[in-house]
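Asks: So the sequence lines, in the order shown, correspond to chains A, B and C. Here this note's numbering is used: the first residue of the first sequence is 5, the next is one more, and so on. Here this note's numbering is used: the first residue of the second sequence is 5, the next is one more, and so on. Here this note's numbering is used: the first residue of the third sequence is 5, the next is one more, and so on. Just passing along the structure, written as structure tokens.
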Amino acid sequence: AEISWSGFGRFGVVYEDNGTDDKTFLEQRFQLDVEGTTETDTGLVVGGKYRIRSQETAVGNDADDAGYLRTTEAATVNAAQMFITSGGLTLEVGNIDYALDSMANLALGTIGLQNFTSFLDGPGYASRGASNTGVAVLYSMGGLNAHLSYDMQDEATDAYVSYDFAGYTFGVGGQDSDTYATEWVVAFGGTVGTVDFNASYVDNGDAGAGYGLAGHMAVASGVKVGGYLSYDDASEDTGFGLDASYALGGGANLVGGAYTIGDVTEADFGINFRF
Amino acid sequence: AEISWSGFGRFGVVYEDNGTDDKTFLEQRFQLDVEGTTETDTGLVVGGKYRIRSQETAVGNDADDAGYLRTTEAATVNAAQMFITSGGLTLEVGNIDYALDSMANLALGTIGLQNFTSFLDGPGYASRGASNTGVAVLYSMGGLNAHLSYDMQDEATDAYVSYDFAGYTFGVGGQDSDTYATEWVVAFGGTVGTVDFNASYVDNGDAGAGYGLAGHMAVASGVKVGGYLSYDDASEDTGFGLDASYALGGGANLVGGAYTIGDVTEADFGINFRF
Amino acid sequence: AEISWSGFGRFGVVYEDNGTDDKTFLEQRFQLDVEGTTETDTGLVVGGKYRIRSQETAVGNDADDAGYLRTTEAATVNAAQMFITSGGLTLEVGNIDYALDSMANLALGTIGLQNFTSFLDGPGYASRGASNTGVAVLYSMGGLNAHLSYDMQDEATDAYVSYDFAGYTFGVGGQDSDTYATEWVVAFGGTVGTVDFNASYVDNGDAGAGYGLAGHMAVASGVKVGGYLSYDDASEDTGFGLDASYALGGGANLVGGAYTIGDVTEADFGINFRF
Numbered sequence: 005a006e007i008s009w010s011g012f013g014r015f016g017v018v019y020e021d022n023g024t025d026d027k028t029f030l031e032q033r034f035q036l037d038v039e040g041t042t043e044t045d046t047g048l049v050v051g052g053k054y055r056i057r058s059q060e061t062a063v064g065n066d067a068d069d070a071g072y073l074r075t076t077e078a079a080t081v082n083a084a085q086m087f088i089t090s091g092g093l094t095l096e097v098g099n100i101d102y103a104l105d106s107m108a109n110l111a112l113g114t115i116g117l118q119n120f121t122s123f124l125d126g127p128g129y130a131s132r133g134a135s136n137t138g139v140a141v142l143y144s145m146g147g148l149n150a151h152l153s154y155d156m157q158d159e160a161t162d163a164y165v166s167y168d169f170a171g172y173t174f175g176v177g178g179q180d181s182d183t184y185a186t187e188w189v190v191a192f193g194g195t196v197g198t199v200d201f202n203a204s205y206v207d208n209g210d211a212g213a214g215y216g217l218a219g220h221m222a223v224a225s226g227v228k229v230g231g232y233l234s235y236d237d238a239s240e241d242t243g244f245g246l247d248a249s250y251a252l253g254g255g256a257n258l259v260g261g262a263y264t265i266g267d268v269t270e271a272d273f274g275i276n277f278r279f
Numbered sequence: 005a006e007i008s009w010s011g012f013g014r015f016g017v018v019y020e021d022n023g024t025d026d027k028t029f030l031e032q033r034f035q036l037d038v039e040g041t042t043e044t045d046t047g048l049v050v051g052g053k054y055r056i057r058s059q060e061t062a063v064g065n066d067a068d069d070a071g072y073l074r075t076t077e078a079a080t081v082n083a084a085q086m087f088i089t090s091g092g093l094t095l096e097v098g099n100i101d102y103a104l105d106s107m108a109n110l111a112l113g114t115i116g117l118q119n120f121t122s123f124l125d126g127p128g129y130a131s132r133g134a135s136n137t138g139v140a141v142l143y144s145m146g147g148l149n150a151h152l153s154y155d156m157q158d159e160a161t162d163a164y165v166s167y168d169f170a171g172y173t174f175g176v177g178g179q180d181s182d183t184y185a186t187e188w189v190v191a192f193g194g195t196v197g198t199v200d201f202n203a204s205y206v207d208n209g210d211a212g213a214g215y216g217l218a219g220h221m222a223v224a225s226g227v228k229v230g231g232y233l234s235y236d237d238a239s240e241d242t243g244f245g246l247d248a249s250y251a252l253g254g255g256a257n258l259v260g261g262a263y264t265i266g267d268v269t270e271a272d273f274g275i276n277f278r279f
Numbered sequence: 005a006e007i008s009w010s011g012f013g014r015f016g017v018v019y020e021d022n023g024t025d026d027k028t029f030l031e032q033r034f035q036l037d038v039e040g041t042t043e044t045d046t047g048l049v050v051g052g053k054y055r056i057r058s059q060e061t062a063v064g065n066d067a068d069d070a071g072y073l074r075t076t077e078a079a080t081v082n083a084a085q086m087f088i089t090s091g092g093l094t095l096e097v098g099n100i101d102y103a104l105d106s107m108a109n110l111a112l113g114t115i116g117l118q119n120f121t122s123f124l125d126g127p128g129y130a131s132r133g134a135s136n137t138g139v140a141v142l143y144s145m146g147g148l149n150a151h152l153s154y155d156m157q158d159e160a161t162d163a164y165v166s167y168d169f170a171g172y173t174f175g176v177g178g179q180d181s182d183t184y185a186t187e188w189v190v191a192f193g194g195t196v197g198t199v200d201f202n203a204s205y206v207d208n209g210d211a212g213a214g215y216g217l218a219g220h221m222a223v224a225s226g227v228k229v230g231g232y233l234s235y236d237d238a239s240e241d242t243g244f245g246l247d248a249s250y251a252l253g254g255g256a257n258l259v260g261g262a263y264t265i266g267d268v269t270e271a272d273f274g275i276n277f278r279f
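Right under this line is the structure:
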């Protein structure tokens, strides 16, 4: 029987231009994660977890704008996830991890401080508030990883299988849902020379498709730079991004980045930390 | 000065037939309990506690039903209980433990995974959200236990006195309230041979009365079975129940059970765990 | 990386006479504070914190009153504060500590169990729920303390500078805001003989001004008494207060007090504790 706490925080300045308006705001996120588990006589681990997250509300630009709002949301304790793990097999219920949302190399990733970029349209773990109820089965054995999840409220099923070989990970996944657009995905990642990269294809059916490519490289002691390239088949827009981070030690980093696709540009700079 | 955390979780499948409709759903409950205390120079323990609970919402049967809903509620931190304890005497304020709701042997108990069954109609500790404000005094000395509680919002007073002798516990209690039906209760429990039993009578005044009898027996290593018998004086219905649990170790158990009274039947199977 | 918990609780009986009605109620407050931090290689401390507070709702007097309500509010996890500290310099974002609200000797203080009395009209740390987003810079070096804070939602700026010399602390502060009345403040405190005192002047512009004087003295082992004197320039009312506390050890105290100004009188008695 064990209860463990961990946390994550970040804050900084974000500039957003959506093609019509631009705004600059203070981005914030602070969360505590708690997990409680017990182990049975045969080695099953049974437990559950919560996330407690507070964040900014970011509507409007400055106090003279009509839509102006600049407040910090009260933290919520989210819906619980419970799980049973034995060897490489895990069963999750409640506020589960969904397959495609958890799939390695599928998203471009978090560009800079906070700009999480992905072509995936599917369900995900709810970090705040209530959630749909889901059931998931995860399996890993040697280099094989498989994840099957079902959203009981939206009747959405998604799954992936991935395999690690020679330092590379290759995965394919799919989703069957009336609620979400994504149908098929392919994701690939690994290391080429000094660059860690991920490449992905997301087929969103009638809503088009997205291609992503990202690479990260350590350029000096504690300094990493990343480059991002994407293509949105529906809008025929190409996206470019760059970011850099400097590790301060103790899990804290100075980070900044910029990403532009079509008429949309977002740039940010700040600090993040884990404890 | 000490802060201690503990937890409880359970999940499984529940079948309910209320005589008109039947439904099958995924039951979930996950909670963390935290208690903070300090001790004075004279040995008084002063403190308070919270419960953080998430659970399923269970309305409707499947996604094709009109009333369908299958989501997991965000956890709430409930209303605080504060207390002072000295020797066998405890004062509670706020979200208190109410006497009859805390009385040993009064409820049939939790049949199977989650079917808590009782004829008591009275106030109880609020595990989620706000609560009425109450004040309670608890006393235990030797085999004597006494508990007096007052709900300030509903102006309900309830109390019991129980006594342990020769391995049996005998208790009587009463309630004075315009809000709740229960007026008088008697509860008795102990061990006969290899069976732990509890027997109770609940007088709900004009709303009738209820009789309950339950017994539990260890039948094999880690396996317990329970039997439940009840009679509802108002409806003239007799209730029968059975359940079984298998201890996995580490505070985790596989549990299942069924209970039927009148036109209502409920059966469930799942896992529960404490940590 | 460290996560630390601490807590505070209090409860007791409060009598309030606002000049028209009087009421007596059970006061309650229970809170847990959690802070998570990490330290960088250069010694920066980066972290964040939450407060989880439950309290009474106190409307009306007794159950026969129309406005009667006597319930205990569910605890909320408030909006997060994040911070970076290096040497004597601290940056806060989110649910920040505001300068005048944090200024030593400015408020009369908490009279008795719970009657916090101050002439300040300005923003403050939100102990429950959401908050305006703020940014603050705090600096301390030798006897010098400075605090500058900005409320982004209400566009309010406040600041103070104080200096400790020869056991006394002298501070001046100001606020620029369309939302809050306070414009200038002066606060002074220290020890004269066996009496700790604080004296303050709060200029609320067109809304008048307030003068405060308070002193506390240890009169016996564990027993402290306090006296309070105030003058409200707008209403030309003089306020008087007295309180006493008895330390039980372990951070727990029996406390009681009374304060009267104009037609308003408030008296209370109860227990508080820290852990």
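Glycine is no exception: its CB is placed at the ideal position from the N, C-alpha and C atoms.
Buried or exposed: residue 148 of chain B, going by 16 or more other Cβ atoms within 10 Å of its Cβ?
Replies: Within the second sequence, the letter at position 144 stands for residue 148 of chain B. So residue 148 of chain B ends up on the exposed side.
Asks: Between which residues of its own chain and residue 243 of chain A is the CB-CB distance below 6 Å, once the five residues before and five after are set aside?
Replies: Along the first sequence, read from residue 1 onward, the residue named residue 243 of chain A stands at position 239. Result list for residue 243 of chain A: 234, 265, in chain order.
Asks: Taking just the CA atoms, how far does residue 109 of chain C sit from residue 188 of chain C?
Replies: By 1-based counting over the third sequence, the position of residue 188 of chain C is 184. By 1-based counting over the third sequence, the position of residue 109 of chain C is 105. Distance between the alpha carbons of residue 188 of chain C and residue 109 of chain C: 14 Å.
Asks: Please state whether the Cβ-Cβ distance between residue 14 of chain B and residue 117 of chain B is less than 8 Å.
Replies: Within the second sequence, residue 14 of chain B is the residue found at index 10, counting from 1. Within the second sequence, residue 117 of chain B is the residue found at index 113, counting from 1. For residue 14 of chain B and residue 117 of chain B, yes; Cβs fall inside 8 Å.
Asks: Is there a Cβ of chain C sitting closer than 8 Å to that of residue 15 of chain A, yes or no?
Replies: Position 11 of the first sequence, counted from the start, is the residue given in the question as residue 15 of chain A. Taking Cβ atoms only, chain C reaches closer than 8 Å to residue 15 of chain A, which makes this a yes.
Asks: With distance defined between alpha-carbon atoms, name the residue in A/80, A/92, A/131, A/75 nearest to residue 99 of chain A.
Replies: For the purposes of this step, residue 99 of chain A is taken as residue 95 along the first sequence, with counting starting at 1. Comparing Cα positions, the closest option is A/131.
Asks: Please name the residue or residues paired with residue 281 of chain B in a DSSP beta bridge.
Replies: With chain B covering 5 to 279 only, the question about residue 281 of chain B has no answer from this structure.
Asks: Take residue 123 of chain B as the anchor and find which of B/136, B/107, B/52 has the nearest alpha-carbon.
Replies: Position 119 of the second sequence holds residue 123 of chain B. The shortest Cα separation from residue 123 of chain B among B/136, B/107, B/52 belongs to B/107.
Asks: Measure the alpha-carbon distance for residue 211 of chain C versus residue 153 of chain C and round it to whole angstroms.
Replies: On the third sequence, position 207 is the one that residue 211 of chain C refers to. On the third sequence, position 149 is the one that residue 153 of chain C refers to. Near 23 Å, if we compare the C-alpha coordinates of residue 153 of chain C and residue 211 of chain C.
Asks: Does the beta carbon of residue 39 of chain C sit closer than 8 Å to a beta carbon anywhere in chain B?
Replies: Your numbering for residue 39 of chain C matches position 35 in the third sequence. Not an interface residue.
Asks: Note the first and the last residue of the continuous alpha helix (DSSP H) segment covering residue 163 of chain A.
Replies: By 1-based counting over the first sequence, the position of residue 163 of chain A is 159. Looking at the DSSP string, residue 163 of chain A is not in any alpha helix (DSSP H); the run it does join, the beta strand (DSSP E), is 160-169.
Asks: Quick check on residue 210 of chain C: does DSSP put it in helix, strand or coil?
Replies: The residue labelled residue 210 of chain C in the question sits at position 206 within the third sequence. The answer is helix: DSSP assigns residue 210 of chain C an H, G or I state.
Asks: Pull the bridge partners of residue 205 of chain B from the DSSP assignment, please.
Replies: If you number the second sequence from 1, residue 205 of chain B lands on position 201. B/190, B/215, per the DSSP bridge assignment.
Asks: Consult DSSP for residue 106 of chain A and reduce its assignment to one of helix, strand or coil.
Replies: Numbered from 1 along the first sequence, position 102 holds the residue referred to as residue 106 of chain A. DSSP places residue 106 of chain A in helix when its eight states are reduced to three.
Asks: Below 8 Å on the Cβ atoms is my guess for residue 17 of chain C versus residue 277 of chain C; work out the distance and round it to an integer in Å.
Replies: What you label residue 17 of chain C is simply residue 13 of the third sequence in a count that begins at 1. What you label residue 277 of chain C is simply residue 273 of the third sequence in a count that begins at 1. Not confirmed; about 17 Å, so no contact.
Asks: Report the option in A/101, A/174, A/91, A/60 whose CA atom is closest to the CA atom of residue 97 of chain C.
Replies: In the third sequence, the residue the question calls residue 97 of chain C occupies position 93. Of the candidates A/101, A/174, A/91, A/60, the one whose C-alpha sits nearest the C-alpha of residue 97 of chain C is A/60.
Asks: Between the region 215-222 of chain A and the region 191-202 of chain A, do at least 3 Cβ pairs fall closer than 8 Å?
Replies: At 8 Å Cβ cutoff, the stretches touch.
Asks: Which residue from B/184, B/146, B/173 puts its Cα closest to that of residue 190 of chain B?
Replies: In the second sequence, counting from the first residue as 1, residue 190 of chain B sits at position 186. The residue with the shortest Cα to Cα distance from residue 190 of chain B is B/173.
Asks: Interface residues of chain B around residue 81 of chain C at Cβ under 8 Å?
Replies: Locating residue 81 of chain C in the third sequence gives position 77, counting from the first residue. Correct list: 81.
Asks: Could you please tell me which residues of the region 48-59 of chain C, in chain order, have their CB closer than 7 Å to any CB of chain B?
Replies: Answer in chain order: 56, 58.
Asks: Rounded to whole angstroms, what's the CA-CA distance from residue 71 of chain A to residue 182 of chain C? Just pull it up for me.
Replies: By one-based count along the first sequence, residue 71 of chain A stands at place 67. By one-based count along the third sequence, residue 182 of chain C stands at place 178. Reliability fails at residue 71 of chain A, whose pLDDT of 49 lies under 50, so the model's placement of it is uncertain and no value is given.
Asks: To the nearest angstrom, how far is the alpha carbon of residue 140 of chain A from that of residue 119 of chain B?
Replies: By 1-based counting over the first sequence, the position of residue 140 of chain A is 136. By 1-based counting over the second sequence, the position of residue 119 of chain B is 115. Rounded to whole angstroms, residue 140 of chain A to residue 119 of chain B spans 25 Å at the Cα level.
Asks: With a threshold of 8 Å between beta carbons, is residue 170 of chain C in contact with chain A?
Replies: Taking the third sequence and counting its residues from 1, one reaches residue 170 of chain C at position 166. No, because no Cβ of chain A sits closer than 8 Å to the Cβ of residue 170 of chain C.
Asks: Given that residue 74 of chain A touches chain C, what residues does it touch there, using C-beta distances under 8 Å?
Replies: Taking the first residue of the first sequence as position 1, residue 74 of chain A is located at position 70. Within chain C, the residues near residue 74 of chain A are 136, 137, 156, 157.
Asks: I'd like the span of the beta strand (DSSP E) that includes residue 10 of chain B, first residue to last.
Replies: Here residue 10 of chain B refers to the residue found at position 6 when the second sequence is read from its first residue. Its beta strand (DSSP E) spans residues 6-21.
Asks: Kindly list, in the order they appear in chain B, the residues whose Cβ is closer than 8 Å to that of residue 256 of chain C.
Replies: Sequence index remark: in the third sequence, residue 256 of chain C carries index 252 (1-based). The answer, in chain order, is 42, 44, 48, 50.
Asks: With a threshold of 7 Å on Cβ separation, who are the neighbours of residue 85 of chain A within its own chain once the five nearest residues in sequence on each side are excluded?
Replies: Position 81 of the first sequence holds residue 85 of chain A. Correct list, in chain order: 52, 53, 96, 98, 99, 100.
Asks: Given that a residue counts as buried once 16 or more other Cβ atoms are within 10 Å of its Cβ, and exposed if not, what is residue 83 of chain B?
Replies: Locating residue 83 of chain B in the second sequence gives position 79, counting from the first residue. Residue 83 of chain B is buried by the Cβ-count criterion.
Asks: Go ahead and pull the three-state DSSP assignment for residue 221 of chain B.
Replies: Mapped onto the second sequence, residue 221 of chain B falls at position 217. Strand at residue 221 of chain B.
Asks: Rounded to a whole number of angstroms, what is the C-alpha to C-alpha distance between residue 160 of chain C and residue 75 of chain A?
Replies: Residue mapping note: residue 160 of chain C aligns to position 156 of the third sequence, counting from 1. Residue mapping note: residue 75 of chain A aligns to position 71 of the first sequence, counting from 1. Whole-angstrom Cα-Cα distance: 14 Å.
Asks: What would DSSP say about residue 148 of chain A, mapped onto helix, strand or coil?
Replies: By one-based count along the first sequence, residue 148 of chain A stands at place 144. Of the three classes helix, strand and coil, the one that applies to residue 148 of chain A here is strand, per DSSP.
Asks: Output needed for residue 33 of chain C: all residues of its chain with C-beta closer than 6 Å, excluding positions within five of it in sequence on either side, in chain order.
Replies: Here the question's residue 33 of chain C lines up with position 29 in the third sequence. 14, 59.
Asks: Can you tell me whether residue 86 of chain B is helix, strand or coil according to DSSP?
Replies: The residue given as residue 86 of chain B occupies position 82 in the second sequence. In this structure, residue 86 of chain B counts as strand in the three-state DSSP scheme.
Asks: Apart from the five residues just before and just after residue 209 of chain B, which ones in its own chain have a Cβ nearer than 7 Å to its Cβ?
Replies: Here residue 209 of chain B refers to the residue found at position 205 of the second sequence. Excluding residues within five positions, the ones whose Cβ falls inside 7 Å are 185, 187.
Asks: In the DSSP assignment, what are the bridge partners of residue 56 of chain C?
Replies: For the purposes of this step, residue 56 of chain C is taken as residue 52 along the third sequence, with counting starting at 1. According to DSSP, which records beta bridges pairwise, residue 56 of chain C is partnered with C/36, C/81.
Asks: State the Cα-Cα distance for the pair residue 5 of chain C and residue 47 of chain C, rounded to the nearest angstrom.
Replies: Residue mapping note: residue 5 of chain C aligns to position 1 of the third sequence, counting from 1. Residue mapping note: residue 47 of chain C aligns to position 43 of the third sequence, counting from 1. Residue 5 of chain C and residue 47 of chain C: Cα-Cα distance of roughly 12 Å.
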